[in-house]
Ligand SMILES: [Zn+2]
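In my numbering, the protein residues as written are 149 to 464.
Here is the structure:
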């Protein structure tokens, strides 16, 4: 699994950071979480292709999280993609997308399904690979986090042990690796558990939209292997502006993640007032504030960062 950050600025782009977009590649396909304006431009700077995009999850309908949808859908169609695409998001998403596509006479060459999620959230995907639940957040409009829970996977196949048990090279290896038992020509049955390592527990990844109450989120999801959450402000900045506008500070997210056992915290969606370097407010201030409250793996996302999530749920 690999995350690619396509935009890490809140509200408006800066010269270094686009508005929100995040890709999660799983095997050969990938899902997109939020689609701010120019997300398709960012994608051209990655190896990800629109034809391999299978699902889009929109956390909420503020423009910096979804105004890139229309261009991306049109380009996916012009690229010749014919595989179906499902888009999940809050109520109002369907009207927004259909209105723009209709008004611009944009006809898609692929089947698109829009699934609107009720205010209370709930299960949106339950397949053999993972479940995905929408978890309601606290923001100025309906906003969701997506909690991805991968199913446990069979242990790695011990090829030598399989050969020693009489399995010939070929399709039976694949079946054993998938956790199935196989029958040999001599009638013996080889149980996958006898020739594979320990079961690999599924990973949990939480990808949150805009949210001013991270403790409530992590109380619902528990301690994820990886959590991606906005840290729009630091506490001193919030003290001067006085209104969180439905957003979090680095301290607020980091404390909540720590209290609920999040292993790796990735912060994103930074106010444009934080520069990457210089003598004024910087992303370093955000990092320092988070680090003071969180001992686990901490990463402050930059545009086009690629973060590999290893099979045990750790990140570099
Ligand atoms: Zn918002």
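All C-beta atoms, glycine included, are put in the ideal place defined by N, C-alpha and C.
Range covered by the alpha helix (DSSP H) that runs through residue i
{"i": "residue 278", "result": "From DSSP, residue 278 is part of no alpha helix (DSSP H) but of the beta strand (DSSP E) over 278–284."}
{"i": "residue 120", "result": "Residue 120 lies beyond the stretch modelled for the chain, which goes from 149 to 464, so this question has no answer here."}
{"i": "residue 467", "result": "Within the shown structure, residues of the chain are numbered from 149 to 464, placing residue 467 beyond reach of any answer."}
{"i": "residue 343", "result": "340–343"}
{"i": "residue 220", "result": "217–226"}
{"i": "residue 211", "result": "211–214"}
Residue i CB to nearest heavy atom of ligand 2 below 7 Å
{"i": "residue 358", "result": "The model on display carries ligand 1 but not ligand 2."}
From the options, residue whose alpha carbon lies closest to that of residue i
{"i": "residue 192", "options": "391, 274 and 451", "result": "451"}
{"i": "residue 413", "options": "405, 419 and 420", "result": "405"}
{"i": "residue 393", "options": "462, 150, 210 and 175", "result": "210"}
{"i": "residue 301", "options": "341, 197 and 262", "result": "341"}
{"i": "residue 274", "options": "291, 373 and 295", "result": "295"}
{"i": "residue 226", "options": "398, 199, 241 and 332", "result": "199"}
{"i": "residue 475", "options": "447, 279, 336 and 197", "result": "A query on residue 475 cannot be resolved here, the shown segment of the chain reaching from 149 to 464 and no further."}
{"i": "residue 234", "options": "194, 288, 378 and 263", "result": "263"}
{"i": "residue 159", "options": "417, 436 and 461", "result": "417"}
{"i": "residue 361", "options": "345, 378, 371 and 350", "result": "378"}
{"i": "residue 286", "options": "386, 433, 356 and 423", "result": "356"}
{"i": "residue 212", "options": "303, 272, 297 and 185", "result": "185"}
{"i": "residue 289", "options": "206, 430, 436 and 189", "result": "206"}
{"i": "residue 151", "options": "181, 400 and 330", "result": "181"}
{"i": "residue 196", "options": "454, 380, 245 and 464", "result": "454"}
According to DSSP, residues forming a beta bridge with residue i
{"i": "residue 412", "result": "374 and 445"}
{"i": "residue 422", "result": "None, per the DSSP bridge assignment."}
{"i": "residue 177", "result": "174"}
{"i": "residue 465", "result": "Shown here, the chain extends from 149 to 464; a query on residue 465 therefore has no answer."}
{"i": "residue 183", "result": "169"}
{"i": "residue 455", "result": "151"}
{"i": "residue 197", "result": "Paired residues: none, contrary to the question."}
{"i": "residue 157", "result": "418"}
{"i": "residue 348", "result": "301"}
Cβ-based burial, residue i [other Cβ within 10 Å; buried from 16]
{"i": "residue 314", "result": "exposed"}
{"i": "residue 383", "result": "exposed"}
{"i": "residue 443", "result": "exposed"}
{"i": "residue 319", "result": "exposed"}
{"i": "residue 166", "result": "buried"}
{"i": "residue 332", "result": "exposed"}
{"i": "residue 247", "result": "exposed"}
{"i": "residue 391", "result": "exposed"}
{"i": "residue 337", "result": "exposed"}
{"i": "residue 299", "result": "exposed"}
{"i": "residue 359", "result": "buried"}
{"i": "residue 271", "result": "exposed"}
{"i": "residue 163", "result": "exposed"}
First and last residue of the uninterrupted beta strand (DSSP E) at residue i
{"i": "residue 162", "result": "Neither: residue 162 is in no beta strand (DSSP E) and is coded neither H nor E."}
{"i": "residue 354", "result": "352–356"}
{"i": "residue 365", "result": "Not the beta strand (DSSP E): residue 365 falls in the alpha helix (DSSP H), residues 362–369."}
{"i": "residue 237", "result": "233–238"}
Any C-beta of chain B under 8 Å from that of residue i
{"i": "residue 381", "result": "Among the chains of the structure shown, chain B does not appear; only one protein chain is present."}
For the segment 243–323, list the beta strand (DSSP E) runs that are entirely contained and at least 3 residues long, ordered along the chain. 260–265, 270–274, 278–284 and 292–298
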